[in-house]
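Residue numbers (this note's numbering), protein chains in the order written: chain A, 135 to 631; chain B, 4 to 84.
This report concerns only the one structure given below.
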Amino acid sequence: MDLRSWVDSLKKVDRLQEIDVEVDWNLEAATISVMSNRVARKGVLFNNIKGYPGMKLFGSTGCISTRKRKWETSCLLMGLPVETSRKEHHKEFQRRINNPIPPTEVAKAEAPCKEVIKMGKDANVFDFPVPYLHATDGGRYLSLQAVVQKDPDTGWTNYGCYRVMCIGPRKLSALLLPMQQGGAIFYQKYAARGQNCPFCIAIGGDHILFTTYVFGLPAGVCELDVAGGLRGEPMRVVRAETNDLLVPADSEIIIEGEILAGKMVDEGPFAEYSGYVHGRMKNPEFRVDCITHRKEPILPFACLTMSLDEDNTIQSTTIEQEYMITLKESGVRFVDIAQGPDNPNFHYGAVRDPDDICEMTRFAEEFFAHKLSSYHHWFMLSDPDINVDTPDRAYREFALNADPRRDFHVTDMDAFNNPLLFDTPSDERLKGINQSKVWIDATTGRKPKEQKLKKDQFECDFPETLQKKVKENWGKLGFDRPFEEIEPVDPDWLLKP
Amino acid sequence: MEYFIVEEMAREMENKFNGQEEVEVEVTSADDFVRHLVKAKIAKSLDILPNADKLWVRGDGTGFPMNEEPWGILVLEEKEE
Numbered sequence: 135m136d137l138r139s140w141v142d143s144l145k146k147v148d149r150l151q152e153i154d155v156e157v158d159w160n161l162e163a164a165t166i167s168v169m170s171n172r173v174a175r176k177g178v179l180f181n182n183i184k185g186y187p188g189m190k191l192f193g194s195t196g197c198i199s200t201r202k203r204k205w206e207t208s209c210l211l212m213g214l215p216v217e218t219s220r221k222e223h224h225k226e227f228q229r230r231i232n233n234p235i236p237p238t239e240v241a242k243a244e245a246p247c248k249e250v251i252k253m254g255k256d257a258n259v260f261d262f263p264v265p266y267l268h269a270t271d272g273g274r275y276l277s278l279q280a281v282v283q284k285d286p287d288t289g290w291t292n293y294g295c296y297r298v299m300c301i302g303p304r305k306l307s308a309l310l311l312p313m314q315q316g317g318a319i320f321y322q323k324y325a326a327r328g329q330n331c332p333f334c335i336a337i338g339g340d341h342i343l344f345t346t347y348v349f350g351l352p353a354g355v356c357e358l359d360v361a362g363g364l365r366g367e368p369m370r371v372v373r374a375e376t377n378d379l380l381v382p383a384d385s386e387i388i389i390e391g392e393i394l395a396g397k398m399v400d401e402g403p404f405a406e407y408s409g410y411v412h413g414r415m416k417n418p419e420f421r422v423d424c425i426t427h428r429k430e431p432i433l434p435f436a437c438l439t440m441s442l443d444e445d446n447t448i449q450s451t452t453i454e455q456e457y458m459i460t461l462k463e464s465g466v467r468f469v470d471i472a473q474g475p476d477n478p479n480f481h482y483g484a485v486r487d488p489d490d491i492c493e494m495t496r497f498a499e500e501f502f503a504h505k506l507s508s509y510h511h512w513f514m515l516s517d518p519d520i521n522v523d524t525p526d527r528a529y530r531e532f533a534l535n536a537d538p539r540r541d542f543h544v545t546d547m548d549a550f551n552n553p554l555l556f557d558t559p560s561d562e563r564l565k566g567i568n569q570s571k572v573w574i575d576a577t578t579g580r581k582p583k584e585q586k587l588k589k590d591q592f593e594c595d596f597p598e599t600l601q602k603k604v605k606e607n608w609g610k611l612g613f614d615r616p617f618e619e620i621e622p623v624d625p626d627w628l629l630k631p
Numbered sequence: 004m005e006y007f008i009v010e011e012m013a014r015e016m017e018n019k020f021n022g023q024e025e026v027e028v029e030v031t032s033a034d035d036f037v038r039h040l041v042k043a044k045i046a047k048s049l050d051i052l053p054n055a056d057k058l059w060v061r062g063d064g065t066g067f068p069m070n071e072e073p074w075g076i077l078v079l080e081e082k083e084e
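Written as structure tokens, this is what we have:
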């Protein structure tokens, strides 16, 4: 499988828009892609890029999902029917990642990403239509790729998705945040020894890889093993030309080089996944030594805005499951956890027993101890019957049940602060200090019996026979939109094999 | 040609942007977004440097241009880094 297979998959389900008229890499491709995300929900393949004959851009790559069914992109990536329920998708996803398959190394002659090889001064990132994505960005950015680095102490290779700014033909930089394993920690290990850190940037390849590049996997776990598990077959990898890193052999483009020890350059501003502009920072300089690529390469990109995009459709589905797995393994008793479809920084949980404040506190402790929670400062807990994946209902619970005097739990300012979030002063964010966490108890728990509220909705207000009759006769009554059933909450679904 | 420079550099070197003094600055081309280290003369008005290219100051936090009217830059020499 490769990126072209994903393009074909979208075409088969009529979710691909091919554009043959000339489109500019300078904002125009991104503008079309964002509007497709907003209204068309189609991937966009740009076949005719101004100034780049024979090369293609591919935007809105995670377009299948909708706000109500954000796991559908993941279904198609995993070869599941898009009609698969959230429960079945998550169960299958978790089964597959628990059965990782290590990659298989292939000879360079068998690797499509080696069809063209350019070394040294012949290598130029601007030979590719790297898009200018937002009018406020400080430069052209690669946005859908893995930065590949190896831990010099353990040999563990990390594949992480970081934004990469193209500064010159052989000069790049990337946002390396302090809590990221490969990005910052490995680089700092090399820099402390006065050594440059070898890197590769892998663009394209099996699109299921992207699911793992944004996964907050535990230290020592290789993203390619997990991708193999998700795909059900090993990823094909090949050795880089100028270092010993392994990269996906079916990638469209591989950029190789070294991150220069201690040499910092201006990186940013960049309009980030949150929908806000993240300002300029000093980040390490990447020197490009070699570029290999397929003939007529396709360069995928993600133009992240406040619309439903790859961040919501691929990453969010992955992240909520990471929390599920961690909390389940820690023995926390809960029904469900979901990331907000419109707000990747807010999570919704449903607890098993709303009267058990200790269990809710444990939920909070485990959630905020997870390394990914540096991106997530808020969550809200609801009753077990609340479907937290449709947060319009959860919002109601928040407004009705959360007592401002009692139910807002705010931690001390002792958490790591994330430069990409904007709720604290910028100097604190840049230093990574003084972040608080908040969780909201929006359950009906711990109220006197006489104050317990009776819930009021279609599924519990009307006799089952009448519900059934209305459902069966819905079309006959003259309604042209299908009857919408809300899947009942199953408090044990996470525990079932 | 149009260029932009980052806000911090513009603030630090502001008093040298008089159209007379030669300064060494990093500028980004607004045509292809390639960054260059150049020796140049810079003025806060195109009237002061009539044949100059346009120069915008990009806000470090917002990414928006800080100057309502373009400044002028006369690139004298591109430097090798």
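Glycine is no exception: its CB is placed at the ideal position from the N, C-alpha and C atoms.
Does any CB atom of chain B fall closer than 7 Å to the CB of residue i?
i	result
isoleucine 425/A	no
aspartate 400/A	yes
proline 418/A	no
proline 187/A	no
valine 422/A	no
proline 431/A	no
proline 312/A	no
proline 403/A	yes
valine 106/A	Residue 106/A is absent from the model: chain A starts at 135 and stops at 631.
Show which residues of chain B have a CB atom less than 7 Å away from the CB atom of residue i.
i	result
arginine 414/A	Val9 and Asp63
arginine 97/A	Nothing in the structure corresponds to residue 97/A, since chain A is present only between 135 and 631.
Show which residues of chain A have a CB atom less than 7 Å away from the CB atom of residue i.
i	result
aspartate 35/B	Phe260
glycine 75/B	Near glycine 75/B there are no residues of chain A at all, since even the closest Cβ is about 21 Å away, more than 7 Å.
Any beta-carbon of chain A closer than 7 Å to the one on residue i?
i	result
phenylalanine 67/B	yes
In the DSSP assignment, what are the bridge partners of residue i?
i	result
leucine 49/B	None, per the DSSP bridge assignment.
valine 298/A	Leu276/A and Ala308/A
lysine 42/B	Glu27/B and Glu80/B
tryptophan 573/A	Phe513/A and His543/A
phenylalanine 333/A	Gly391/A
alanine 472/A	Tyr482/A
glutamine 151/A	Val178/A
asparagine 258/A	Asparagine 258/A is not bridged to any residue.
leucine 191/A	Phe180/A and Leu433/A
asparagine 292/A	Gln283/A
arginine 61/B	Val9/B and Pro68/B
isoleucine 34/B	Sequence inspection shows aspartate at residue 34/B; the isoleucine mentioned does not correspond to that position. Aspartate 34/B is not bridged to any residue.
aspartate 56/B	Ile76/B
Can you pull the chain B residues whose beta carbon is under 9 Å from the beta carbon of residue i, in chain order?
i	result
threonine 270/A	Arg61, Gly62, Thr65, Gly66 and Phe67
proline 352/A	Those do not exist, as proline 352/A stays about 35 Å from chain B at its closest Cβ, beyond 9 Å.
Would you list, in chain order, the members of the stretch 254 to 268 of chain A that have their beta-carbon closer than 7 Å to a beta-carbon of chain B?
Phe260 and Tyr266
Which ranges would you report for the alpha helix (DSSP H) in the stretch 540 to 567 of chain A if only whole runs of at least 4 residues count?
560 to 565
At 3 residues or longer, and completely inside the stretch 221 to 255 of chain A: list those beta strand (DSSP E) runs for me, N to C.
250 to 253
Going along the chain, which residues of the stretch 289 to 308 of chain A sit with their C-beta nearer than 7 Å to a C-beta in chain B?
Ile301 and Gly302
Closer than 9 Å between beta carbons: that is the criterion. Which residues of the stretch 551 to 577 of chain A meet it against chain B?
Ser560
Ignoring anything shorter than 3 residues, give me the beta strand (DSSP E) runs that lie fully in the stretch 362 to 450 of chain A, in order along the chain.
370 to 373, 380 to 382, 385 to 401, 415 to 427 and 432 to 434
Which residues of the stretch 158 to 173 of chain A have a Cβ closer than 9 Å to any Cβ of chain B? Give them in chain order.
Asn160
For a minimum of 3 consecutive residues, which ranges assigned as the beta strand (DSSP E) are wholly contained in the stretch 474 to 544 of chain A?
480 to 485, 512 to 516 and 542 to 544
Along the chain, which unbroken stretches of the alpha helix (DSSP H) at least 4 residues long are found entirely within the stretch 159 to 185 of chain A?
162 to 169
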